[in-house]
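Engineer: Residue numbers (the numbering used here): 9 to 325.
The beta-carbon is built from N, C-alpha and C at its ideal position, and this holds for glycine as well.
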Amino acid sequence: MRIIREINRYNDTQVSDIFMLLDLERKSMEYQLSNNFLTVSIKSAGAEITSIQSKDGLEYIWCGDEKFWGRHAPILFPIVGKVLENEYTYQGQSYGLSQHGFARDSEFEVEAYSNHQITFLLHSNEKTKEKYPFDFILKLHYELQENKVKVGYEVQNIDQKEIYFSIGGHPAFNCPAFEDETLEDYVIEFEVEEEAQKLGITPEVYLSGEREDYKVKTIPLCHHFFKDGVTILTKLQSQTVTLKSLKHDYRMTMSREQLPFLGLWSPEKGAPFVCIEPWVGHTDYITASKEISEKKDFVSLEVGETFKCDYTMTFEK
9 MRIIREINRY
19 NDTQVSDIFM
29 LLDLERKSME
39 YQLSNNFLTV
49 SIKSAGAEIT
59 SIQSKDGLEY
69 IWCGDEKFWG
79 RHAPILFPIV
89 GKVLENEYTY
99 QGQSYGLSQH
109 GFARDSEFEV
119 EAYSNHQITF
129 LLHSNEKTKE
139 KYPFDFILKL
149 HYELQENKVK
159 VGYEVQNIDQ
169 KEIYFSIGGH
179 PAFNCPAFED
189 ETLEDYVIEF
199 EVEEEAQKLG
209 ITPEVYLSGE
219 REDYKVKTIP
229 LCHHFFKDGV
239 TILTKLQSQT
249 VTLKSLKHDY
259 RMTMSREQLP
269 FLGLWSPEKG
279 APFVCIEPWV
289 GHTDYITASK
299 EISEKKDFVS
309 LEVGETFKCD
319 YTMTFEK
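(1) Can you tell me which of G109, E197 and T127 puts its alpha carbon nearest to the alpha carbon of I284?
(2) Between A204, I83 and H231, which has its C-alpha nearest E220's C-alpha?
(3) Only counting the same chain, and skipping five residues up and downstream in sequence, which positions put a Cβ closer than 7 angstroms to that of R17?
(4) Between the alpha carbons of E14 and E74, how many angstroms are there, rounded?
(5) In the DSSP output, what is P286 paired with across the bridge?
(6) Within 8 angstroms, do at least three Cβ pairs link the region 292-302 to the region 79-92?
(7) Comparing alpha-carbon positions, which option in E187, S246, A180 and L241 lies nearest P275?
(8) Measuring CB to CB, does Y163 end up less than 8 angstroms from T291?
(9) What residues in its chain sit with their C-beta under 8 angstroms from that of L92, if we drop five residues either side in the sequence?
(10) Using a Cβ-Cβ cutoff of less than 6 angstroms, which residues in the same chain neighbour Y98 once the five nearest sequence positions on both sides are dropped?
(11) So if DSSP puts I87 in a beta bridge, which residue, or which two residues, is it bridged to?
(12) Go ahead and pull the three-state DSSP assignment for I294.
(13) Do S122 and V288 come within 8 angstroms of each other at the CB atom, strictly closer than that value?
(14) If I'm right that E324 touches D257 with Cβ under 8 angstroms, what's the distance once you round it to whole angstroms?
(15) If we count Cβ pairs, one from each stretch, closer than 8 angstroms, do we get three or more for the region 52-59 versus the region 106-123?
(16) With E162 as the anchor, note down where its beta strand (DSSP E) starts and where it stops.
(17) Under a Cβ-count criterion, where at least 16 other Cβ atoms within 10 Å of its own Cβ denotes burial, should M321 be classed as buried or exposed?
(18) V157 and L46 look like a contact to me (Cβ under 8 angstroms); what is the Cβ gap, rounded to whole Å?
(19) Can you look up T136 in the DSSP assignment and give me helix, strand or coil?
(20) Give the secondary structure of C317 by DSSP, where H, G and I count as helix, E and B as strand, and everything else as coil.
(21) To the nearest angstrom, how far is the alpha carbon of F234 from that of Q245?
(22) With a Cβ-Cβ cutoff of 8 angstroms, do Y172 and S308 count as a contact?
(23) Indicate the three-state DSSP secondary structure (helix, strand or coil) for F233 in the structure shown.
(24) Let's test the definition: count the other Cβ atoms within 10 Å of the Cβ of F269 and tell me whether it reaches 16, buried, or not, exposed.
(25) What is the residue span of the beta strand (DSSP E) that V48 lies within?
(26) By the DSSP assignment, the beta strand (DSSP E) with N123 in it spans what residues?
(27) Checking the sheet assignment: what are the DSSP bridge partners for R219?
(28) Are the CB atoms of V238 and L272 within a distance shorter than 8 angstroms?
(29) Pull up the DSSP beta-bridge partners for Q61, would you.
(30) So the candidates are C317, H131, N133 and Y194; which of them puts its Cα closest to the Cα of R264?
(31) Is it buried or exposed, D113, if we count other Cβ atoms within 10 angstroms and call 16 or more buried?
(32) Measure the alpha-carbon distance for E310 versus H131 and round it to whole angstroms.
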């Protein structure tokens with residue numbers, strides 16, 4: 009009865025997503041990549057990294073405790089963030105699509121697998137076309153290179169028409185990583201002194217249209233920094249961004265030159281993790297058109313074309 013009462017709080021699209029996720033977790037398989045530096049665990053449900061551990065057992069990735077946030081490093085596709093009122097149109101027809109899209113709640117096939125590499129594949133199907141009326145192939149490539157984990161996105165347009173999407177990552181890193189630390193013992197550091205832009209965001213997690221000059225080299229972390237939710241930066245010159253401890257030698261450096269937007273997020277309620285999120289695209293503007301072909305900063309992919317981008321995480325301690 010409690011589950012039924014909880015489900016009644018949501019709309020039909022959200023209820024469908026809940027049942028899809030429950031079914032997905034039952035079917036999910038876990039795979040590992042391993043070398044002399046790291047062990048990486050990835051599940052077929054959402055093609056999501058669930059763990060990155062050093063050889064001496066230090067865990068870098070958030071455990072997914074639902075007290076704070078029940079995910080680890082979800083894939084955002086075919087949208088990043090939200091479309092207005094969780095609905096958009098294409099050629100006069102409306103489609104419901106919840107925050108960050110359906111890839112994170114989809115079961116992926118494994119196309120190729122070895123000790124150091126794995127490729128997951130999601131093909132458009134009847135369920136995806138209820139929410140997204142395009143034929144596509146989405147591939148996630150993971151490669152372990154010494155102390156680096158490379159994440160590659162590949163989208164193929166196998167439709168007979170142009171397709172539209174945004175895509176990105178949402179990895180959550182344990183922060184603090186050691187028992188003798190707090191969040192205040194960490195900073196986010198850019199490669200160069202930045203004169204970036206910070207995008208204004210509404211309480212409903214849409215872009216307001218305001219842009220603020222954001223001059224920064226190092227961001228000292230504290231829970232108050234996340235009081236307004238996600239910080240979205242663009243026009244960054246740095247090719248890398250580093251999460252590092254001031255008390256230990258811990259460093260996670262992300263290289264993300266092909267992904268023009270960067271999200272920084274953690275729940276303000278004291279969650280012991282920080283998300284550093286590389287994106288192509290972003291949540292809707294509050295003034296956005298409902299028509300998907302008119303969404304700002306979406307990828308427009310012609311028939312038969314393939315879109316690729318990637319980012320790399322380097323772990324040091």
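Structural biologist: Let me lay it out:
(1) That would be E197, whose Cα lies nearest to the Cα of I284.
(2) Measuring from the Cα of E220, the nearest candidate turns out to be A204.
(3) Note that R17 scores a pLDDT of 49, beneath 50, so its modelled location is shaky; the value from the coordinates is reported in the next line. Hits under 7 angstroms: none found.
(4) Note that E14 has pLDDT 42, beneath the 50 cutoff, so the model's placement of it is unreliable and the number below is only indicative. Distance between the alpha carbons of E14 and E74: 15 angstroms.
(5) Under the DSSP definition of a beta bridge, P286 partners with L270.
(6) Per the Cβ contact rule, the region 79-92 is in contact with the region 292-302 (3 or more Cβ pairs under 8 angstroms).
(7) For P275, the nearest C-alpha among the options comes from A180.
(8) Note on identity: in this sequence residue 163 is Val, with Tyr being the wrong assignment. At a Cβ-Cβ threshold of 8 angstroms, V163 and T291 do not count as neighbours.
(9) Answer for L92: Y214, D292, I294, A296 and K298, listed in chain order.
(10) The answer, listed in chain order, is P141 and I300.
(11) Its beta-bridge partners do not exist; DSSP assigns none.
(12) In this structure, I294 counts as coil in the three-state DSSP scheme.
(13) No, Cβ-Cβ distance for V288 and S122 is not below 8 angstroms.
(14) In this structure E324 is in contact with D257, their Cβ atoms being roughly 7 angstroms apart against a cut-off of 8 angstroms.
(15) Yes: the two stretches touch, three or more of their Cβ pairs being nearer than 8 angstroms.
(16) Residue range K156 to N165 is occupied by the beta strand (DSSP E) that includes E162.
(17) Result: buried.
(18) The pair is a contact, with the Cβ atoms about 7 angstroms apart (cut-off 8 angstroms).
(19) Three-state result, T136: helix.
(20) Look at C317 here: in three-state DSSP terms it is strand.
(21) Whole-angstrom Cα-Cα distance: 23 angstroms.
(22) Contact flag set, yes.
(23) Helix at F233.
(24) Using a 10 angstroms sphere on the CB of F269, the tally of other CB atoms reaches 16 or more, which defines it as buried.
(25) Looking at the DSSP string, the run of the beta strand (DSSP E) that includes V48 is L46 to K51.
(26) Where N123 is concerned, there is no enclosing beta strand (DSSP E), given that its DSSP letter is neither H nor E.
(27) Partner(s): L207.
(28) It is a contact, given that the beta carbons lie within the stated cut-off.
(29) DSSP, once it has assigned bridges, lists T47 and E67 as partnering Q61.
(30) In terms of Cα proximity to R264, the closest of C317, H131, N133 and Y194 is C317.
(31) Flag for D113 reads buried.
(32) Using only the alpha carbons, I get a separation of about 17 angstroms.
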